Amino acid sequence: MKIMRKEGKSIGLVPTMGYLHEGHLSLVRAAKKHNDVAVMSVFVNPLQFGPNDDLAKYPRDFKRDEEKARLAGVDVLFYPSEKEIYPSGYSTYVEVKGLGDTLCGSSRPGHFKGVTTIVAKLFGIVKPDMAYFGQKDVQQAAIIKKMTEDLNMGIEIKIMPIVREKDGLAMSSRNIYLSETERKDASILHQSLSTAESMVNQGEKDARKIIKAMELLIRQKPSVKIDYISIVDKRFLKEVSSISGEVLIALAVFIGKTRLIDNIAIDPAAVKTEKSFARKA
């Protein structure tokens with residue numbers, strides 16, 4: 011990559027933990043569109059897994075990933091070993107305060123410290139001009155963007171739309187864990203977010219009422235256990251009781267033993283503008 015730098019080529023980085031799906035590949039296409047060179051990293055980062063997480067069974071298939079990356083147009087596939095990333099005596103960590111206190115940060119202490127540490131290392135190794143993350147992991151993306159700004163890394167963070175299955179389920183490497191029944195039940199996540207969006211569009215501002223409606227819908231599925239449902243302001247990720255500006259409605263649930271996350275961004279002001287424009291038309 012030093013040679014590419016010397017040649018003046020721009021570099022776009024897509025960090026992943028592998029077991030690639032269409033969500034990852036959409037990031038590759040964006041990186042190819044905006045940069046001369048698309049780099050993908052594949053590394054299952056142990057630092058972002060807690061003691062009760064699924065590190066040991068997290069899906070890994072490098073040959074499969076290599077083929078998908080090649081077909082998507084990845085120019086450089088970076089596949090380091092754990093010893094290369096965290097050699098003996100490694101003791102340096104990166105942590106962003108504040109943004110990780112809510113949502114998944116409450117459920118998974120230490121998770122985002124692991125995320126920012128590995129991403130900072132990848133940025134130092136690859137030295138990209140742009141880096142690409144998915145909206146599904148919106149809290150992670152916000153934290154990485156803050157880290158990049160605070161540490162003057164000079165890297166543009168691109169947050170790309172969620173890629174969904176036909177029934178609305180957000181694509182995730184962990185979806186492979188779901189049984190046939192659990193996979194059917196998983197569609198309730200997107201249904202609940204769509205219900206929340208409809209309520210906001212119809213003028214509901216009370217966050218508690220929206221969350222309650224989502225809970226009632228999700229609990230109809232016996233395999234689903236709610237970790238959290240939260241409505242937060244989009245900038246600081248702090249919980250709101252009344253919806254006035256742009257918000258994120260985010261959730262995490264366990265379907266069987268599999269933890270899945272999803273979210274939707276809603277701007278009531280944009281909805282009012284659309285309705286006003288429709289009336290004038």
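Using this note's numbering, read the sequence shown as starting at 11 and increasing by one per residue.
C-beta: ideal position from N, C-alpha, C; glycine also.
The structure presented is a predicted model; accordingly, all values stated were derived computationally and were not measured.
- In terms of Cα proximity to ILE167, the closest of GLU159, VAL173, ARG174 is GLU159.
- In this chain, the beta strand (DSSP E) harbouring LYS235 covers 234–243.
- Annotation: LEU30 to ASP75 spans about 6 Å, alpha carbon to alpha carbon.
- Of the candidates VAL49, GLN58, PRO97, MET27, the residue whose Cα lies closest to the Cα of ARG15 is VAL49.
- With a beta-carbon spacing of about 34 Å, LYS156 and LEU81 fall beyond the 8 Å limit used to define contacts.
- The straight-line gap separating the alpha-carbon atoms of GLU32 and GLY144 is approximately 11 Å.
- Straight-line spacing of the CA atoms in PRO171 and GLN149 works out to 14 Å.
- Here DSSP, grouped into helix, strand and coil, assigns ARG80 to helix.
- A residue is called buried once 16 or more other Cβ atoms fall within 10 Å of its Cβ, and ASN55 is buried on that count.
- In this structure ALA260 touches LEU113 by the C-beta definition: roughly 6 Å separates them, less than 8 Å.
- Per DSSP, ASP272 is one residue of the beta strand (DSSP E) stretching across 268–276.
- Between the stretch 205–214 and the stretch 90–101, the count of Cβ pairs shorter than 8 Å is below three; the stretches do not touch.
- Relative to THR205, the option among LYS219, PRO61, LYS146, ASP195 whose CA is nearest is LYS219.
- Between LEU199 and LEU270 a beta carbon distance of about 7 Å is seen, short of the 8 Å cut, so the two are scored as contacting.
- Residues of the same chain with a CB within less than 7 Å of the CB of PRO138, apart from the 5 flanking positions on each side, are ILE21, GLY22, LEU23, VAL49, ILE165 in chain order.
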